[in-house]
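Q: Below is one structure. I have some questions about it.
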Amino acid sequence: MTSPKSPETLLIRGGRLIDPENRRDGEFDLLVAEGKVARVGKSLAAPAGAQVIDAKGLIVAPGLVDIHVHLREPGNEGAETIESGTRAAAAGGVTSVVAMPNTQPPIDNVSGVRFLLRRAAETATVRVWPTGAITVGRSGERLAEIGAMAEAGAVAVTDDGNAVPETQLLRRALDYAKMFDLTVIEHAEDKSLMADGVMNEGPLATRLGHKGIPRQAESIAVARDIALAELTGAHLHVTHISTRESVDLIRAAKRRGVRVTSDATPHHFTLTEDAILRYGPNAKMNPPLRTEADRKAIIEGLVDGTIDAIASDHAPHTRASKEQEFSAAPFGIIGLETLLPLTVTQLIEPGHLSWPDAIRRLCSGPAKVLSLPVGDLGEGQPADLVVIDPTEERTVSGFSSKSQNSPFLGWTLRGFPQLVLVEGRVVLRREALRAAPAR
Amino acid sequence: MKDLLGLEALTPAQIEHILDVARPMKSLFTRSIKKVPALRGKTVALLFFEASTRTRSSFELAAKRLSADTLSFAASTSSVTKGESLLDTAKTYEAMKVDFMVIRHAASGAPELVAQAVKARVINAGDGSHEHPTQGLLDIYTILEKKKRLDGLKVVIVGDILHSRVARSNLWGLTKLGAHVTVCGPATLIPAGLPEVFGPKVTVATRLDEALEGADVINVLRLQRERQQGDYFPTVREYTELFGLNTDRLRKAKPDCLVLHPGPMNRGVEISSEVADGPRSMILEQVTNGIAVRMAVLYVFANPEGLPATPPDGKQAAKAVTALKALE
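Order-wise, the sequence lines are chains A and B. Position one of the first sequence corresponds to residue 988 (the working numbering), numbered consecutively onward. Position one of the second sequence corresponds to residue 371 (the working numbering), numbered consecutively onward.
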């Protein structure tokens, strides 16, 4: 990470500290020193030279951990770079991003992982955790050097964008990754059933004349993958689930004790396929937006813990590539900067999730999925944190990301970050939150 | 309404208005007067991103009969092969100040994308599996010419419904005007949720013999042989066996049943020669009517406000067209 500002001594005073891992939800002061959470307590005195931030009426929480992000570097720097993508993360209160390996070339070997870490050290604003491909070239044919990538710093393996089509190969990948305590992240999709579909199969696709992707393209793969997790005892993480059936399958598997976790995106708990009528290619993603029943099931999964994490599936695409015929436009939308406000506006405000439960799904939940040593604000932990104004309303008018492919442009949302720290360094500070003089 | 993107967006009165204008148009160009000055000075760009002979010729002729200038474009010989985007192509023609863009495109929704970006009127000449509104209109025109009404008629559409824009435009238009439509084809070629989309007037069938009982109209869709590669059906022979329209099968329908086909035909595949060339066949009549309908579409949409939300009554509309003749 770059160090625009060296770690400061900061006292964040009077905010509502929400740190579910340390069972805290209440008014606490939090002292940041030398990049770490130095102390958490009531009425802490400010050390000499400390900046004091008055967080009264604000929420202080661990920085968000987004375990599904496409940074597009190397290969598609026109859409995003590690520099711009992590700036977008900071703007969204995300202090850790897990980078998907479907770059060009894909990150399927040690030098790819090292490249990412080096570029992150040179240019990133927030923490970047690399992942490696499961198979060489993400082609689903033979195993990549998973052990060596784990050694080099990959925190998981995934062929994201593709499922591993061969059941035998996925079984081997799970067995193999287990040796390194590495999670296998599956983009669960039966490719032959998906075929050249571009949106959810059903009446709307029929009406628009678009090729459909049946929901079973996902649930068949989820069922298969769970069966293999059961067979191998390895940790399977199913990413961006979109259907009621997937939620049901994972819920049942968890009850049986299978080592399976999952995440879902804000767009799948906010939108349905009808969004296509309004947003066109900015509502085209894979998995596709589904129906209202699915949207509700995703929310239920987040409420009961079937879904461990909210992840953005931040997928930048240039304007030119999205301003095409619907069938020709690529899948995906950006999401780092709307992850938090959509969670606030769509899940917390309507009463689906309490603040602590939402913070759990955004911070410690995803961190635990991949055993990342972040996501909580215990004393001695790195000072990765976000201060949120739960009431400030903003109309989304643009993004720090290099790409602007979002259906949420023009939406009025609440719960934007005011201050973001990564290892004690200020990476975002909004005007409203100026330091008060130290007492 | 600025653009004709599909029949879904049209009210029954708007559909009837276009047909009311098409009738005198047909008598104009099928008699001695081949050309009227209605669109003199207007330019119609025919932007065919996907190969088509008949629709393009039909639009071209329709435009010329109305004295418009036409501009042709074929994707295979244009800058599209050099990687130009659809919107850039459309904006280029916009800069040439064309009045109409008639668009044929393989991608569903492509004309709508253009329509949102240009001031010119966009007429959808077939987009992917979405709609082919002028084909729907000319099919309805043809049926009405013979049957005088649609209300209560039973129309059977046979073939590849899944990929068919002709089927979708027919479904919208026919159901809006009160017909009952049975779609029939291999289950693999019937899209999901048809009754949800088109309502209770639509029935889905997979046995053609049963579907044809009591039919007033049969619209036979072209079978694209490449669908066999997609395993939608095992062989063309089996398709013909199950879904081909022949003289025997035609007997199940009403004695005065009309047979339509949007063309081009695969004789002996989806339709036998006896039926295609038989007395019930409207196939060549459809081609003639296509020009009348496309003339009507261009004429109506050339109005400053495009297609009126509440169109004038039929007699008035027809009178205006008949008056054109006097000018020539």
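For glycine and all other residues, C-beta sits at the position ideal for the given N, C-alpha and C.
Indicate whether residue 511 of chain B and residue 377 of chain B have their beta-carbon atoms separated by less than 7 Å.
A: Looking up residue 511 of chain B in the second sequence gives position 141. Looking up residue 377 of chain B in the second sequence gives position 7. No, these two residues do not count as a Cβ contact at 7 Å.
Q: Any Cβ of chain B within less than 7 Å of the Cβ of residue 989 of chain A?
A: In the first sequence, the residue the question calls residue 989 of chain A occupies position 2. Its pLDDT being 49, under 50, residue 989 of chain A is placed unreliably by the model, and the measurement read from it follows with that caveat. Judged by the 7 Å Cβ criterion, residue 989 of chain A is not in contact with chain B.
Q: Nearest CA to the CA of residue 1387 of chain A: which residue from A:1052, A:1311, A:1079?
A: Looking up residue 1387 of chain A in the first sequence gives position 400. Nearest C-alpha to residue 1387 of chain A: A:1079.
Q: Within 10 angstroms of the Cβ of residue 1414 of chain A, are there 16 or more other Cβ atoms? Answer buried if so, exposed if not.
A: Sequence index remark: in the first sequence, residue 1414 of chain A carries index 427 (1-based). Per the 10 Å Cβ criterion, buried.
Q: My output table needs one value for residue 387 of chain B: the three-state DSSP class, helix, strand or coil.
A: Residue 387 of chain B sits at position 17 when you count from the first residue of the second sequence. Here residue 387 of chain B sits in helix by DSSP.
Q: In the DSSP assignment, the beta strand (DSSP E) including residue 1052 of chain A goes from what residue to what residue?
A: Locating residue 1052 of chain A in the first sequence gives position 65, where the first residue counts as 1. Element bounds for residue 1052 of chain A: 1051 to 1056.
Q: Tell me the start and end of each unbroken beta strand (DSSP E) in the region 473 to 511 of chain B that is at least 3 residues and wholly inside, in chain order.
A: Listed in chain order, the complete beta strand (DSSP E) runs (minimum 3 residues) inside the region 473 to 511 of chain B are 491 to 497.
Q: State the Cα-Cα distance for the pair residue 1045 of chain A and residue 1306 of chain A, rounded to the nearest angstrom.
A: As a first step, residue 1045 of chain A is located in the first sequence; it is residue number 58 there, counting from the start. As a first step, residue 1306 of chain A is located in the first sequence; it is residue number 319 there, counting from the start. If I take the Cα positions, the gap works out to 36 Å.
Q: Applying the criterion that 16 or more other CB atoms from any shown protein chain within 10 Å of the CB defines a buried residue, is residue 679 of chain B buried or exposed?
A: Taking the second sequence and counting its residues from 1, the one referred to as residue 679 of chain B is at position 309. Per the 10 Å Cβ criterion, exposed.
Q: Would you kindly work out how many angstroms separate the C-alpha atoms of residue 416 of chain B and residue 480 of chain B, rounded to a whole number?
A: For the purposes of this step, residue 416 of chain B is identified with residue 46 of the second sequence, where counting begins at 1. For the purposes of this step, residue 480 of chain B is identified with residue 110 of the second sequence, where counting begins at 1. The alpha-carbon atoms of residue 416 of chain B and residue 480 of chain B are separated by roughly 14 Å.
Q: Taking Cβ-Cβ distances shorter than 7 Å, what residues in chain B pair up with residue 1315 of chain A?
A: Counting from 1 along the first sequence, the entry for residue 1315 of chain A is found at position 328. In chain order: 477.
Q: Would you please verify whether the beta carbon of residue 1264 of chain A is less than 7 Å from any beta carbon of chain B?
A: Locating residue 1264 of chain A in the first sequence gives position 277, counting from the first residue. False, the Cβ-Cβ gap to chain B never drops below 7 Å.
Q: Using the Cα positions of residue 999 of chain A and residue 1017 of chain A, report the straight-line distance between them to the nearest angstrom.
A: Residue mapping note: residue 999 of chain A aligns to position 12 of the first sequence, counting from 1. Residue mapping note: residue 1017 of chain A aligns to position 30 of the first sequence, counting from 1. Cα to Cα, residue 999 of chain A sits roughly 5 Å from residue 1017 of chain A.
Q: Specify the secondary structure class of residue 625 of chain B as computed by DSSP and reduced to three states.
A: Numbered from 1 along the second sequence, position 255 holds the residue referred to as residue 625 of chain B. Three-state DSSP puts residue 625 of chain B in coil, outside helix and strand.
Q: Please list, in chain order, the residues of the region 464 to 488 of chain B that have any C-beta partner in chain A closer than 8 Å.
A: So the close ones are 475, 477, 478, 479, 480, 483.
Q: To the nearest angstrom, report how far apart residue 657 of chain B and residue 646 of chain B are at their CA atoms.
A: Mapped onto the second sequence, residue 657 of chain B falls at position 287. Mapped onto the second sequence, residue 646 of chain B falls at position 276. Straight-line Cα distance between these residues: approximately 14 Å.
Q: Please list, in chain order, the residues of the region 1167 to 1191 of chain A that have any C-beta partner in chain B closer than 7 Å.
A: Per Cβ criterion, the list reads 1188, 1189, 1190.
Q: By alpha-carbon positions, which one of A:1092, A:1310, A:1300 ends up nearest to residue 458 of chain B?
A: Locating residue 458 of chain B in the second sequence gives position 88, where the first residue counts as 1. Answer by Cα proximity: A:1310.
Q: Any idea which residues DSSP pairs residue 1248 of chain A with across the strands?
A: Counted from its first residue, the first sequence places residue 1248 of chain A at position 261. In the DSSP output, where bridge partners are listed per residue, residue 1248 of chain A has A:1224.
Q: To which residues of the same chain is residue 1141 of chain A closer than 6 Å at the C-beta, ignoring the five residues directly before and after it?
A: Along the first sequence, one-based indexing puts residue 1141 of chain A at 154. Hits under 6 Å: 1100, 1117, 1118, 1119.
Q: Hey, how far is the Cα of residue 554 of chain B from the Cα of residue 454 of chain B?
A: For the purposes of this step, residue 554 of chain B is taken as residue 184 along the second sequence, with counting starting at 1. For the purposes of this step, residue 454 of chain B is taken as residue 84 along the second sequence, with counting starting at 1. Near 39 Å, if we compare the C-alpha coordinates of residue 454 of chain B and residue 554 of chain B.
Q: If you reduce the DSSP assignment to three classes, tell me which class residue 635 of chain B lands in.
A: The residue you call residue 635 of chain B lines up with position 265 of the second sequence. Coil, per DSSP.
Q: Could you check whether the Cβ of residue 562 of chain B sits closer than 7 Å to any Cβ belonging to chain A?
A: Here residue 562 of chain B refers to the residue found at position 192 of the second sequence. Interface residue, yes.
Q: Within the 7 Å Cβ cut-off, does residue 1230 of chain A reach chain B?
A: Here residue 1230 of chain A is taken as the residue at index 243 of the first sequence, counted from 1. Taking Cβ atoms only, chain B never reaches closer than 7 Å to residue 1230 of chain A, which makes this a no.
Q: List the residues of chain A whose Cβ lies closer than 7 Å to the Cβ of residue 567 of chain B, in chain order.
A: By 1-based counting over the second sequence, the position of residue 567 of chain B is 197. Simply 1190, 1193, 1194.
Q: Residue 1197 of chain A versus chain B: which residues are under 7 Å apart at the beta carbon?
A: Within the first sequence, the letter at position 210 stands for residue 1197 of chain A. Correct list: 478.
Q: Is residue 453 of chain B helix, strand or coil when you go by DSSP?
A: On the second sequence, position 83 is the one that residue 453 of chain B refers to. Residue 453 of chain B falls in the coil class under three-state DSSP.
Q: Of the choices A:1265, A:1236, A:1275, A:1339, whose alpha-carbon is the least far from that of residue 1254 of chain A?
A: By one-based count along the first sequence, residue 1254 of chain A stands at place 267. When only C-alpha atoms are compared, the closest one is A:1275.
Q: Helix, strand or coil, according to DSSP, for residue 1063 of chain A in the structure here?
A: Numbered from 1 along the first sequence, position 76 holds the residue referred to as residue 1063 of chain A. Three-state DSSP puts residue 1063 of chain A in coil, outside helix and strand.
Q: At a Cβ cut of 8 Å, what residues of the region 497 to 524 of chain B count as close to chain A, listed as they run along the chain?
A: Answer in chain order: 497, 498, 499, 500, 501.
Q: When the Cα atoms are used, what is the spatial distance from residue 465 of chain B to residue 1132 of chain A?
A: Within the second sequence, the letter at position 95 stands for residue 465 of chain B. Within the first sequence, the letter at position 145 stands for residue 1132 of chain A. So the alpha carbons of these two residues sit roughly 55 Å apart.
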